[in-house]
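Order-wise, the sequence lines are chains A and B. Heads up: the first sequence begins at 0 in numbering that gives the first Met the number 0, then just goes up one per residue. Heads up: the second sequence begins at 0 in numbering that gives the first Met the number 0, then just goes up one per residue. Down below is the structure, laid out as structure tokens.
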Amino acid sequence: MSATTSEATGIEAAGGRRFAALLPFLALLAIGLVIPFVGNEYWVLIATRIAIYWVLISGLNLVVGYAGQLAIGYVALFTLGAYTTSVLAAGNATPPVPAFAALGIAGLAGAVFGVVVGLPALRLRTFYFAISTLGFATIVTQIALAWQDVTGGGIGLPGPTLPEPFDTVTGLLYLCLAFAAFSTWITANIARSRFGRALVAVRDADVAAEATGISKPRLLVLVFILAGALAAVAGGLFASLQTYITPDAFTFELSLLFFIAVLIGGRGSILGPLLGTIILTVLPEIAAPLAAWSTFLYAALLLVIVLAMPGGIAALLDFRNRKPLPPGRAIAPRPDAVRTLVAHRATPDILSLRGIVLSFGGVRAIDGLDLEVRPGQIHGLIGPNGSGKTTTLNVISGYYRPETGSMMLGGHTLAAGRTTDRAAHGIARTFQTPRLIGEASVLENVMIGGTIEGRATFLEALLSLPRHRREERVMEQRARLALAAVGLDGVTEVRADRLQHSELRFMEIARALMQRPAFLLLDEPAAGLSAEEIRRLAALIRAVSAGGTGVLLVEHHADLIFDICDHVTVLNLGRILAAGTPGEIRVHKEVVSAYLGA
Amino acid sequence: MLASILASGLAVGAVYALIGITYNTMFATSRVMSFTAGQLGMLGGVFGSLFILKLGLPSILGLLLMLAACALIGVMTEIVAVRPVLKSLEQHLYVLTTLAVALLIQQFTAIQWGTEPQPFPRLFAIGSGVWDEKYWLPVVICAVTIIGLEYLYRRTLVGRAFVAIAEDNFAARALGLPERNLRIASYALAGAIGGLAGFAGGQLLLAFFANGPLLNFYGFIPVALGGLGNNRGAVIGGLALGLFQQAANFWVGGIFSSVAVFTLFIIVLLAAPQGLFGAAASRRV
């Protein structure tokens, strides 16, 4: 009873907050709308430019701010869009195309090239990706210079003329504001959806993201398509604003403005980068002598932001997370909530390992291991340091590829080394050091566990269609239930990196429970917990297994193991030293001498 | 024709190789790849022109002053952009801080030195045609640098300490090596090598503020292809890139040659992300 009311008020409060969050955007839009009536034409042009830049930056924000990909050369796609629109509208290569159709085609071209530019990010490390986007930016300008009969070379060509009523300065401003408002809406939809949460997970906790079934390449390609299309459309609008374009208009400095606006705004925020865009565009205008130094200024700002306030503007505006957390808060798991959460996922399948061998260099970390985890059973895995316990978990979750041996789940073989398909097989896990998304809220961290169950497509999320909204509500309710189950329902909205170590352990369990797993792998969940917390953890794990989930528990706390396990396997130097019930193990001679001590 | 492709290809290739070595020298002691590598090359040309042509100093004095100035900028990079972000290397903040410093250098040069390319002095006035000084000078300087570095790394204590830190930072520190001072020294060395690259190629590339990003990109390709921290790979990759670029320049024209280089770079890296001579990635879990 009390649970339902607290849930209801939680959702209501969220609705109120959502409106409050919308206010600054509406205020900025209103300012944009009244500028033609209060300012001169010069300020209308600047407002138009801000709106155009924002169309690009809103998409780039998903790439840089959310996914953490350091794309520094997005001017390439902007240029591509500007030239595609202008060339098509002018009819240099084809029969002349109406301006809006040309803009649409430019958007499609941007989507395609967005993926081409982004492709290296799927395999390459950060600096490599940054350099490859830089290379792409220089090449597009060179092509624009060289392909004279189409682009006009260094002389350039006229931008597209839009039909009435967008052919006036004010008309164009309103059109660009409409585009800007639309791109704010769709990128915010993505940011708030399971796609946005997964992007942040890939950025901050890629290992945990894989364990919840998130495939980084697919996700990034979708975002690159969106960001590329927005960048090219922005380019087309820019060409129309400029009325005449040359390659000189698309300098690398412009690319830096885009990139730095996102970083100044702060990662994982929409409002921050929007304010960043406004500041960076207006700053050189209001202080004319600064114009020559503007890039120098951007660079200095970038350095200061990275070194002194990594959170950017968004962190300054995040008042909610500056309030102190309640002191002396306790984690109070609710085993009954666990049962409602996981009960119906019970399967008769057994997770079994046969003859697993894995060596690192010359060391045999696992040396012919056989293991069976049964549904509804708590299976303890103990042994001295370096005996291969965590390595076994990593083999099961696919981070390590064993040299020989097989893994079966029911009738299916688990493919070795495939991390992202484990969640689909109903296997969830926690990590020895909690893998959290520090900048996301506790609730969002837990909702990551539900990512693969989402059925609504990227497009449905983009436009916030009913199926997507329904799914999000279900996910949020289940995440709140999971948090109640582990006893963290008091801190759902708190940023995860503010939690204590013990709370993070329980948060990871909640994320795993969110998957409603058939098998749960726990890697030293009791490490760093107080005696009282360990007792609560024990009750929680019991409740999970009572719901039919098989638990594989790696632990050093012998008391916990002997207290709750149905079956215990003792490893030493990668081999099984003993296996049996806790009663048998406790008195096993070799185990006592090798590990437990007399 | 073939001779001129070879001459200019090897010359620009040597410059790229030197920039590649600059990347590697900084990477070795800090695990950081810095956007300032290309800017150091740009500064080598600008300082050379400034000291020798503008101020009329003797060539050798101009060279020494240039080396000192670039070494200083290397050290400054370490203090401002590298040291503060070393604690959280996995967040890759160095990409942003070194980019910021590189831009500060570039914009400052643009405003103080001007945005037009300016001539670089002839130093010896030896040779003509394909044996012109501007072609053989980069190759000679590259060779001298490599021999010097080999001597440093193999025969001197400081050089061996560099190698030890590059090999295993933690073990080297546990042995009591002054890791921070060695890192500063390696950034000074990298600064000097980067400056030397620009100085060597000054007659080809001129003293031009916008050379930085270009050198960043073309100097990084040999590093990426040869594998991070592998100087031999950087030299082979740099010379091969120079030859390929000049050949493509000749046959398909300048602009499409950079498209060809870029495409090749992306394809090779997607096929072999560790580079052709690189080592495998470390464990994640």
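In this text, a Cβ means the ideal position worked out from N, Cα and C, and glycines have one as well. Since the model is a prediction, treat every value here as computed from it, not as a measurement.
Can you pull the chain A residues whose beta carbon is under 8 Å from the beta carbon of residue i, in chain order?
{"i": "B:Ala99", "result": "Ala298, Ala299, Leu301, Leu302, Val305"}
{"i": "B:Ser257", "result": "Thr137, Ile138, Gln141"}
{"i": "B:Pro83", "result": "Leu306"}
{"i": "B:Leu92", "result": "Val305, Pro309"}
Taking Cβ-Cβ distances shorter than 9 Å, what residues in chain B pair up with residue i?
{"i": "A:Ser529", "result": "Within chain B, no residue comes near A:Ser529; the closest Cβ sits about 27 Å away, beyond 9 Å."}
{"i": "A:Leu255", "result": "Leu98, Leu102"}
Give the interface partners of residue i over in chain A, defined as CB-CB distance under 7 Å, in chain order.
{"i": "B:Ala233", "result": "The contacting residues do not exist; B:Ala233 stays about 15 Å from chain A at best."}
{"i": "B:Thr108", "result": "Under the 7 Å cutoff, chain A gives no residues; its nearest Cβ is about 10 Å from B:Thr108."}
{"i": "B:Pro272", "result": "Arg122, Leu123"}
{"i": "B:Met32", "result": "Phe126"}
{"i": "B:Ile265", "result": "Pro119, Ser131"}
{"i": "B:Phe219", "result": "Ile130"}
{"i": "B:Ala223", "result": "Tyr127"}
At the level of alpha carbons, what is the spacing between residue i and residue j?
{"i": "B:Phe207", "j": "B:Ser257", "result": "19 Å"}
{"i": "B:Tyr15", "j": "A:Ala204", "result": "36 Å"}
{"i": "B:Val157", "j": "B:Asn23", "result": "17 Å"}
{"i": "A:Leu174", "j": "A:Leu520", "result": "54 Å"}
{"i": "A:Val473", "j": "A:Arg333", "result": "20 Å"}
{"i": "A:Ala207", "j": "A:Gly448", "result": "9 Å"}
{"i": "A:Met0", "j": "A:Glu438", "result": "Here the model assigns A:Met0 a pLDDT of 36, short of 50, so the residue's position is not dependable and the matter cannot be decided."}
{"i": "A:Phe112", "j": "A:Thr140", "result": "15 Å"}
{"i": "A:Arg191", "j": "A:Ala81", "result": "30 Å"}
{"i": "B:Ala239", "j": "A:Gln68", "result": "30 Å"}
{"i": "A:Leu487", "j": "A:Arg479", "result": "9 Å"}
{"i": "B:Ala101", "j": "A:Arg534", "result": "55 Å"}
{"i": "A:Leu198", "j": "A:Ile285", "result": "36 Å"}
{"i": "A:Gly596", "j": "A:Ile355", "result": "28 Å"}
{"i": "A:Pro524", "j": "A:Arg477", "result": "22 Å"}
{"i": "A:Thr3", "j": "A:Val485", "result": "Its pLDDT being 45, under 50, A:Thr3 is placed unreliably by the model, and the measurement read from it follows with that caveat. The alpha-carbon atoms of A:Thr3 and A:Val485 are separated by roughly 17 Å."}
{"i": "A:Thr491", "j": "A:Arg266", "result": "21 Å"}
{"i": "B:Phe26", "j": "B:Met32", "result": "6 Å"}
{"i": "A:Pro347", "j": "A:Leu482", "result": "27 Å"}
{"i": "B:Ala270", "j": "B:Gln90", "result": "25 Å"}
{"i": "A:Pro216", "j": "B:Ile266", "result": "17 Å"}
{"i": "B:Gly236", "j": "A:Ala75", "result": "27 Å"}
Kindly identify the DSSP beta-bridge partner or partners of residue i.
{"i": "A:Met407", "result": "A:Ser351, A:Thr412"}
{"i": "A:Glu371", "result": "A:Ser351"}
{"i": "A:Pro157", "result": "A:Tyr243"}
{"i": "A:Val362", "result": "A:Phe359"}
{"i": "A:Leu603", "result": "Missing from the structure shown is residue 603 of chain A; chain A here goes from 0 to 597 and no further."}
{"i": "A:Gly379", "result": "A:Leu552, A:Val567"}
{"i": "B:Gln244", "result": "B:Gln244 is not bridged to any residue."}
{"i": "A:Arg494", "result": "A:Ser440"}
Who are the neighbours of residue i on chain D, taking C-beta pairs under 9 Å?
{"i": "B:Thr96", "result": "Within the model displayed, chain D is absent; protein chains A and B are what it includes."}
Can you name the residues of chain B whose CB is closer than 8 Å to the CB of residue i?
{"i": "A:Phe295", "result": "Leu102, Leu103, Gln106, Phe107, Ile110"}
{"i": "A:Leu274", "result": "None at all; the shortest Cβ gap to chain B is about 19 Å."}
{"i": "A:Leu144", "result": "Ile254"}
{"i": "A:Leu262", "result": "Leu95"}
{"i": "A:Ala291", "result": "Ile110"}
Starting from residue i, find everything on chain A with Cβ-Cβ shorter than 9 Å and list it in chain order.
{"i": "B:Leu269", "result": "Leu118, Pro119, Leu121, Arg122, Leu123"}
{"i": "B:Phe249", "result": "The contacting residues do not exist; B:Phe249 stays about 16 Å from chain A at best."}
{"i": "B:Phe261", "result": "Ser131, Gly134, Phe135, Thr137, Ile138"}
Confirm the yes/no value for this check: CB of residue i, any heavy atom of the ligand NAP, distance under 8 Å.
{"i": "A:Tyr65", "result": "Within the structure as shown, the ligand NAP is missing, as the structure has no ligands at all."}
_Short of 8 Å Cβ to Cβ, which residues in the segment 119 to 134 of chain A face chain B?_
Listed in sequence order: Pro119, Arg122, Leu123, Arg124, Thr125, Phe126, Tyr127, Ala129, Ile130, Ser131, Leu133, Gly134.
*asked:* By the 8 Å beta-carbon criterion, what residues does the segment 238 to 253 of chain A contribute toward chain B?
replied: Listed by position along the chain: Phe251.
*Scan the segment 334 to 358 of chain A for residues whose Cβ lies nearer than 9 Å to a Cβ of chain B and list them as they occur along the chain.*
Going along the segment 334 to 358 of chain A in chain order, one finds no residue with a Cβ nearer than 9 Å to chain B.
_Residues from the segment 134 to 152 of chain B in contact with chain A, defined by Cβ distance under 7 Å_ = With the criterion set as a beta carbon lying under 7 Å from some beta carbon of chain A, the segment 134 to 152 of chain B has no members that meet it.
*At what residue ranges does the segment 545 to 587 of chain A contain a whole run of the beta strand (DSSP E), taking only runs of 3 or more?*
List check, beta strand (DSSP E) in window: 549 to 553, 566 to 571, 574 to 579.
*Whole alpha helix (DSSP H) runs in the segment 181 to 217 of chain B with 4 or more residues, listed along the chain?*
Runs of the alpha helix (DSSP H) inside the segment 181 to 217 of chain B: 201 to 204.
*Residues in the segment 66 to 81 of chain A having any Cβ partner in chain B nearer than 8 Å*: If you check each beta-carbon in the segment 66 to 81 of chain A against every beta-carbon of chain B, the ones closer than 8 Å belong to Leu69, Ile71.
*Relative to chain A, which residues along the segment 184 to 215 of chain B have a C-beta separation below 8 Å, given in chain order?*
If the cut-off is 8 Å between Cβ atoms, the segment 184 to 215 of chain B has Pro212, Leu213, Asn215 near chain A.
*asked:* To be precise: take each residue of the segment 161 to 183 of chain A, compare its Cβ to all Cβ atoms of chain B, and keep it if any distance is under 9 Å. Which residues remain?
replied: Near chain B, meaning a CB-to-CB distance below 9 Å, no residue of the segment 161 to 183 of chain A qualifies.
*Which whole runs of the alpha helix (DSSP H) in the segment 98 to 127 of chain B are 4 residues long or more, in chain order?*
Runs found: none.
*When Cβ atoms are compared, which residues of the segment 219 to 232 of chain A fall closer than 9 Å to chain B?*
Per Cβ criterion, the list is empty.
*Go through the segment 186 to 256 of chain A residue by residue and report every complete run of the alpha helix (DSSP H) that reaches 4 residues or more, in order.*
Taking only runs of at least 4 residues, the alpha helix (DSSP H) segments lying wholly in the segment 186 to 256 of chain A are 193 to 203, 205 to 210, 215 to 241.
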